[in-house]
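Chemist: Numbering (my numbering), first residue to last: 43 to 428. One structure is given below, represented as structure tokens, and several questions about it will come after.
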Ligand SMILES: *Cc1c(COP(=O)(O)O)cnc(C)c1O
């Protein structure tokens, strides 16, 4: 019987009794060792331990990549120094003249990369609201891929991954899914037909607001070879210590995701009763337009909540007044964070696009952590009070 995800987060696929050699490997260390080495001695000419130089591969990074690959049901995963490093490396598989259809509501840094760096490399983009628009009509002869987040950051739009994969494959395109918000604990896009999954490992996977990381997970052998060549050549692989931090974070992925989601559901219900809150956007709500699709393709609704206050002043006031909850960028850690997309995560998105996506100056984003829900609600209550 294949291992369940909670177990895989700790044990990979190792269920057989270890033979003596395997048990003695790493001195039987339960915590995977940090191989803080740049290079590796060869036992002889033409012989290798399997490792040559840490830009290519390092045992600690390799262990992390194996776990991520197992969690996302891929054939290979590469670990990079941040989510943006992962997305930037992935863009190197395209060539000048290639065209991508990308969701209009993406993480601000991804939009900045596409608009300022990828475009300079000759890659063209068409933005679409992939949850609603007729994406197939936007496909051109030069189109090579569709790039989505679901739910999107920060507006929580939900795209049907399976339906999008069918469109992509009818036209020989890759479907790329940024799975940061759900983590493989709740959603595994490769099972639904996606070709590539990317992650900001900084968020739920690492989970402790203490390191940056990024991942690309693929199924296709040719793509796997390309990515291995690119990581070796460009050198943005995740260092050993950071790999170890993510390995440690992933051990508790299941319990963190469950607890954070439980807290998020309670906070959402409470926010809905507040007069100064004009809108609560959470895919777990039955009135959310993506609720049905979410139920079909995800095992949960996650711990990200976007909400709107009645005035800009009120929104800014909440950011000033929170105590337990920290006003900070980032998400997916054990500590609850509140973010102001307008000036933080999405500051570099052109204002017109930001407003069109619904990121108004009254909009706040909450990444719910694993504290006690009542303590979090009490903090929000004092911050929302006039
Ligand atoms: C944070 C984030 C990124 C970028 O990842 P970094 O680790 O910060 O470089 C990409 N996509 C999403 C959805 C994110 O939230």
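Ideal Cβ positions, reconstructed from N, Cα and C, are used throughout, including at glycine.
1) Pick out whichever of 331, 89, 80, 86 has its Cα sitting closest to the Cα of residue 103.
2) Quick test of the definition: if touching needs 3 or more C-beta pairs under 8 angstroms, does the stretch 411-426 touch the stretch 363-375?
3) In terms of residue numbering, what span does the alpha helix (DSSP H) encompassing residue 299 cover?
4) For residue 355, is the classification buried or exposed, using 16 other Cβ atoms within 10 angstroms of its Cβ as the cut-off for buried?
5) Please report the residue range of the beta strand (DSSP E) in which residue 321 lies.
6) Residue 279: buried (16+ other C-beta within 10 angstroms of its C-beta) or exposed?
7) Over what stretch of residues does the beta strand (DSSP E) that includes residue 151 continue unbroken?
8) In this structure, does DSSP put residue 45 in helix, strand or coil?
9) Taking a contact to mean a Cβ-Cβ separation below 8 angstroms, would you say residue 408 touches residue 349 in this structure?
10) Count the CB pairs spanning the stretch 299-309 and the stretch 160-175 that are closer than 8 angstroms, and state whether there are at least three.
11) For residue 230 and chain C, any beta-carbon pair shorter than 8 angstroms?
12) Taking the alpha-carbon positions, what's the residue 63 to residue 120 distance?
13) Where DSSP assigns a beta bridge to residue 95, which residues make up the other side?
14) How is residue 218 classed by DSSP in three states: helix, strand or coil?
15) Is the distance from the Cβ of residue 126 to the Cβ of residue 256 below 8 angstroms?
16) For residue 411, verify whether its CB is less than 7 angstroms away from any heavy atom of ligand 1.
17) Touching or not, the stretch 370-380 and the stretch 323-334, by the rule of three or more beta carbon pairs under 8 angstroms?
18) Considering just the uninterrupted stretch of the beta strand (DSSP E) at residue 338, what are its terminal residues?
19) Closest to residue 139 by C-alpha separation, out of 396, 187, 337, 413, would be which residue?
20) Taking Cβ positions, are residue 391 and residue 153 nearer each other than 8 angstroms?
21) CB of residue 254 to nearest heavy atom of ligand 1: below 7 angstroms?
22) Can you tell me whether residue 51 is buried or exposed, with buried defined as 16 or more other CB within 10 angstroms of its CB?
Modeler: Taking the definition as stated:
1) Residue mapping note: residue 103 aligns to position 61 of the chain shown, counting from 1. That would be 80, whose Cα lies nearest to the Cα of residue 103.
2) yes
3) Here residue 299 corresponds to residue number 257 of the chain shown, with the count starting at 1. Unbroken alpha helix (DSSP H) run through residue 299: 295-314.
4) Stepping through the chain shown from its first residue, residue 355 is reached at position 313. Exposed, by the Cβ-count rule.
5) On the chain shown, position 279 is the one that residue 321 refers to. 319-323 is the extent of the beta strand (DSSP E) around residue 321.
6) On the chain shown, position 237 is the one that residue 279 refers to. So residue 279 counts as buried.
7) Numbered from 1 along the chain shown, position 109 holds the residue referred to as residue 151. Residue 151 -> not in any beta strand (DSSP E); alpha helix (DSSP H) instead, spanning 150-155.
8) On the chain shown, residue 45 is found 3 positions in, with the first residue counted as 1. DSSP places residue 45 in coil when its eight states are reduced to three.
9) Locating residue 408 in the chain shown gives position 366, counting from the first residue. Locating residue 349 in the chain shown gives position 307, counting from the first residue. Yes; because the gap between Cβ atoms is below 8 angstroms, this pair is in contact.
10) no
11) Here chain C cannot be found, since the structure has a single protein chain.
12) The residue labelled residue 63 in the question sits at position 21 within the chain shown. The residue labelled residue 120 in the question sits at position 78 within the chain shown. Using only the alpha carbons, I get a separation of about 28 angstroms.
13) Reading the chain shown from its first residue, position 53 is the one you call residue 95. Residue 95 pairs with 81.
14) Here residue 218 is taken as the residue at index 176 of the chain shown, counted from 1. Looking at residue 218 - three-state DSSP - the assignment turns out to be strand.
15) By 1-based counting over the chain shown, the position of residue 126 is 84. By 1-based counting over the chain shown, the position of residue 256 is 214. In this structure, residue 256 lies closer than 8 angstroms to residue 126 by Cβ.
16) Taking the first residue of the chain shown as position 1, residue 411 is located at position 369. Ligand 1 has no heavy atom closer than 7 angstroms to the beta-carbon of residue 411.
17) Cβ pair count under 8 angstroms is below three, so no.
18) Counting from one through the chain shown, the residue named residue 338 turns up at place 296. If you look at residue 338, you'll find it isn't in any beta strand (DSSP E); it sits in the alpha helix (DSSP H) that goes 333-339.
19) Within the chain shown, numbered from 1, the residue matching residue 139 stands at position 97. It is 187 whose Cα lies nearest to the Cα of residue 139.
20) Locating residue 391 in the chain shown gives position 349, counting from the first residue. Locating residue 153 in the chain shown gives position 111, counting from the first residue. Closer than 8 angstroms, so yes.
21) In the chain shown, the residue the question calls residue 254 occupies position 212. For residue 254, the shortest C-beta to heavy atom distance toward ligand 1 is below 7 angstroms.
22) Here residue 51 refers to the residue found at position 9 of the chain shown. Result: buried.
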